Every structure is written in structure tokens, then in C-alpha cells.
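S.K.:
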Amino acid sequence: MIDGLVASGIAEPVAEFLWDAISPYYGEGDILPHPDDDLEKDASIDPEDIEDMIAEFFQLFSLPEATARSPETIPLPLSIASFARYLNSRHHQGQDKDALTDKRQRSPNPT
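Laid out in C-alpha cells, this is it:
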């Protein structure tokens, strides 16, 4: 599954995180996940568990948490593929912010 996600444009750390997060819901390899699987209906993952996955992802990648001024919008229905794209977009936003911070730190002070 990780290779398939990466081939579809998902960053490898995101694909690995997602696999680690959802694989316990698929048993010991008895059922193989499909990108179109609905996480709640097909994988029987509680919405609270999905929220916990998102919180863990944000913490792991040092991303800012949602606020009332900047709420998180999670795509519904939430398939494996849409969850991967959602996490990937947040991962890229974090990288873009880090790159901007690094650039500012390297830029000479214009004063």
C-alpha cells in the first residue's frame, strides 16, 4: 500500500504514517486495504480514532493545531486515498512553512 500511495504522489513519510495508523484495523493481512475503502464503513474505524490519528500526525510532523480562526476541514466520506491526500497537503504546508522560516533565517538583515 505504501508503494501505491507514493506512486500516486503521496510523500513517503505520510504514506508510512497512514499505513502504521490504519493497518491494525485490517488484521493480520487477512484483508488488504484498497484506496477507495471508507475508513469508517469499510475499516470500522471510529471517528474519534481518526481524530486521534490526525492529532498524532500533526504532533509528529510539528504542524500547527487547528484553531477557531483556522479550523481543519476533513474530507468526507473519508477513504484511504482522500485521507492520504489530506495528510499529504498538511505535510506539504508544514514543509513550505519550514522552508520559508529557513530562508528568513539565512537572509541578511536589510537594516
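Counted from 1, the sequence shown has number 151 at position 24 by the working numbering; the numbering is strictly sequential. C-beta: ideal position from N, C-alpha, C; glycine also. Since we're looking at a predicted model, the values are computed, not measured.
Ser189 to Asp157, Cα distance in whole Å?
M.R.: For the purposes of this step, residue 189 is taken as the residue at position 62 of the sequence shown. For the purposes of this step, residue 157 is taken as the residue at position 30 of the sequence shown. Distance between the alpha carbons of Ser189 and Asp157 is about 34 Å.
S.K.: What are the start and end residues of the alpha helix (DSSP H) that includes Leu187?
M.R.: Residue 187 sits at position 60 when you count from the first residue of the sequence shown. Note, Leu187: alpha helix (DSSP H), 174-187.
S.K.: What does DSSP give as the partner residue(s) for Asp164 in the beta ladder?
M.R.: Counted from its first residue, the sequence shown places residue 164 at position 37. For Asp164, which the question treats as bridged, DSSP gives no partner whatsoever.
S.K.: What number of angstroms, rounded off, separates the C-alpha of Asp163 from the C-alpha of Ala195?
M.R.: Numbered from its first residue, the sequence shown carries residue 163 at position 36. Numbered from its first residue, the sequence shown carries residue 195 at position 68. In a straight line, the C-alpha of Asp163 is about 31 Å away from that of Ala195.
S.K.: From Lys168 to Gly221, what does the alpha carbon distance come to, in whole angstroms?
M.R.: Working through the sequence shown from its first residue, we reach residue 168 at position 41. Working through the sequence shown from its first residue, we reach residue 221 at position 94. Roughly 30 Å separates the two Cα atoms.
S.K.: What residues in its chain sit with their C-beta under 7 Å from that of Ser171, if we drop five residues either side in the sequence?
M.R.: The residue you call residue 171 lines up with position 44 of the sequence shown. Closer than 7 Å at the Cβ level, and outside the excluded window around Ser171, lie Tyr152.
S.K.: Helix, strand or coil: which one does DSSP assign to Ser206?
M.R.: Walking along the sequence shown from the start, residue 206 turns up at place 79. In the three-state reduction of the DSSP assignment, Ser206 falls in the strand class, which pools E and B.
S.K.: Could you spell out where the alpha helix (DSSP H) holding Pro151 opens and where it closes?
M.R.: Here the question's residue 151 lines up with position 24 in the sequence shown. Counted as a single uninterrupted DSSP element, the stretch harbouring Pro151 is not any alpha helix (DSSP H), since DSSP gives it neither H nor E.
S.K.: From what residue to what residue does the alpha helix (DSSP H) around Ile129 run?
M.R.: Numbered from its first residue, the sequence shown carries residue 129 at position 2. Start and end: 129-134.
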